[in-house]
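Numbering (our numbering), first residue to last: 259 to 514. Built from N, CA and C at the ideal position, the CB exists for glycine as well.
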């Protein structure tokens with residue numbers, strides 16, 4: 259549901275626009291209607307809409323000037339006007355669309371669909387940015403000098419925790435995948451290491467897989483796998499997916 263505010267000084271057109279929006283059948287919620295720039299300056303900071311239907315010429319000034327007087331950089335704008343002479347100004351303000359009155363329902367629907375797509379793209383970029391911030395935070399916070407002692411056929415060896423990309427269960431053994439495409443087979447079960455590595459931002463996303471979140475590059479929700487820094491793809495089990503996403507969301511909320 260897209261939150262929207264109408265800024266229009268003609269009451270008749272306010273009603274026409276509201277009805278036209280409903281008739282498009284799209285998910286738009288009108289959270290405010292303003293008759294002037296002055297009123298809009300009071301309403302917008304409180305409502306914080308995702309979309310503004312903005313009349314170019316208002317009784318107390320030009321709608322375009324309102325965008326310069328308030329911080330509307332994160333708000334989508336659909337200009338509505340009886341004149342086409344402001345089209346260039348609309349483009350300069352990165353407006354989603356510019357509709358001439360009387361507005362045709364087909365054009366209105368197309369404009370709103372364009373806004374929905376732009377908002378979806380922004381959210382995707384935001385999530386990608388949050389994920390990258392989370393991964394950067396992990397790399398900073400993770401104790402670089404921490405080591406894990408593991409038993410191998412050559413004897414006991416020490417592995418730097420930061421060098422461990424992921425672990426894979428091999429029956430009663432565990433296969434460690436390290437940076438530099440190195441592998442180490444260890445004579446202990448995956449569960450044994452899950453308990454030890456939990457504090458270092460490792461997460462079990464499958465019965466057979468434990469990953470180091472610091473080496474996670476990408477999440478493919480469609481095919482349910484995680485792409486790791488070494489190029490490997492690790493399946494996210496259906497049983498573990500909610501736990502995995504909850505853990506990411508919880509940690510993302512702590513990023514400044």
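Check: Which word fits residue 355, buried or exposed, when buried means at least 16 other C-beta atoms lie within 10 angstroms of its C-beta?; Outcome: buried
Check: Would you list the one or two residues that DSSP bridges to residue 467?; Outcome: 426, 464
Check: Evaluate residue 280 with the Cβ neighbour count: other Cβ atoms within 10 Å of its Cβ, from every protein chain shown; 16 or more gives buried, anything less gives exposed.; Outcome: exposed
Check: Name the DSSP beta bridge partners of residue 378, please?; Outcome: According to DSSP, which records beta bridges pairwise, residue 378 is partnered with nothing at all.
Check: Which parts of the region 269-336 are runs of the alpha helix (DSSP H), unbroken and 4 residues or longer, counting only runs that do not cross its ends?; Outcome: 269-281, 295-305, 321-327
Check: What residues in its chain sit with their C-beta under 7 Å from that of residue 320, if we drop five residues either side in the sequence?; Outcome: 314
Check: Could you work out which residue in 431, 336, 290, 467 is closest to residue 376 when comparing CA atoms only?; Outcome: 336
Check: Taking the alpha helix (DSSP H) that residue 358 belongs to, which residues open and close that run?; Outcome: From DSSP, residue 358 is part of no alpha helix (DSSP H) but of the beta strand (DSSP E) over 355-358.
Check: For the beta strand (DSSP E) that residue 406 lies in, which residues bound it at each end?; Outcome: 405-410
Check: Work out the CA separation of residue 272 and residue 366 for me, nearest whole Å.; Outcome: 14 Å
Check: Taking all protein chains shown into account, do 16 or more other C-beta atoms lie within 10 angstroms of the C-beta of residue 259, making it buried, or fewer, making it exposed?; Outcome: exposed
Check: Taking the C-alpha atoms as reference points, what is the distance between residue 457 and residue 438?; Outcome: 24 Å
Check: So what does DSSP say about residue 478, is it helix, strand or coil?; Outcome: strand
Check: What are the boundary residues of the beta strand (DSSP E) that residue 449 is part of?; Outcome: Run containing residue 449: none in the beta strand (DSSP E); it sits in the alpha helix (DSSP H), 448-455.
Check: Could you please give the first and the last residue of the uninterrupted beta strand (DSSP E) stretch that includes residue 413?; Outcome: 413-418
Check: Counting only the same chain and skipping the five closest in sequence on each side, list residues whose C-beta sits under 6 Å from that of residue 292.; Outcome: 265, 298, 301
Check: Check for me: the beta strand (DSSP E) holding residue 486 runs from which residue to which?; Outcome: 483-486
Check: When you compare the CB positions of residue 451 and residue 468, do they come within less than 8 Å of one another, or not?; Outcome: yes
Check: Based on the DSSP output, what are the partners of residue 262 in its beta bridges?; Outcome: 288, 309
Check: Flag this pair as yes or no: are the beta carbons of residue 307 and residue 289 separated by less than 8 Å?; Outcome: yes
Check: Could you check which residue in 503, 487, 261 has the C-alpha nearest to that of residue 422?; Outcome: 487
Check: Assuming contact is defined by CB atoms lying nearer than 8 Å, are residue 286 and residue 370 in contact in what I supplied?; Outcome: yes
Check: If you run the structure through DSSP and keep just helix, strand and coil, what is residue 362?; Outcome: coil
Check: Buried or exposed, going by whether 16 or more other CB atoms sit within 10 Å of the CB of residue 513?; Outcome: No answer about residue 513 holds up, because its pLDDT of 35 lies below 50 and its placement is not dependable.
Check: What is the rounded straight-line gap between the Cα of residue 425 and the Cα of residue 414?; Outcome: 17 Å
Check: Applying the 10 Å Cβ sphere with the 16-neighbour rule, what's the burial state of residue 427?; Outcome: buried
Check: Pick from 464, 442, 357, 460: whose alpha carbon is nearest that of residue 410?; Outcome: 442
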